[in-house]
Amino acid sequence: MLVNLLIVVFLLAILGSLFAGGYFVVRDPSSKRRAFWALSWRVGLQLALLLFLILAFTMGWIKPHALGG
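In full-length UniProt numbering, the protein residues as written are 1 to 69.
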């Protein structure tokens with residue numbers, strides 16, 4: 001249950017960073033590179049989520065299942 005909650009939190013953080021980056025690209029006229037940093041956070045969070053999923057699978061915390069079966 002904790003693993004599922006952590007995955008959902010990762011996904012929400014990735015979506016938040018994605019929307020923040022999109023907002024900064026469209027609306028931010030300054031040259032503070034906030035869009036770059038927001039999208040860099042998104043990439044870092046995605047990498048962390050991937051590594052966590054690999055760890056959770058190898059530790060047996062999550063198991064794959066067949067779809068429609």
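We put the CB at the ideal spot given by N, CA and C, even for glycine.
All values derive from a computational prediction rather than experimental measurement.
Item: Applying the criterion that 16 or more other CB atoms from any shown protein chain within 10 Å of the CB defines a buried residue, is A48 buried or exposed?; Value: exposed
Item: Hey, could you find the ends of the alpha helix (DSSP H) A56 is sitting in?; Value: 34-59
Item: Any beta-carbon of chain D closer than 8 Å to the one on V3?; Value: Checking the listed chains, one finds no chain D in this structure; it contains a single protein chain.
Item: Which residues in the same chain have their Cβ closer than 7 Å to the Cβ of R34, if we skip the five residues on either side of it in sequence?; Value: F24, D28
Item: Please classify S31: is it buried, with 16 or more other beta-carbons within 10 angstroms of its beta-carbon, or exposed?; Value: exposed
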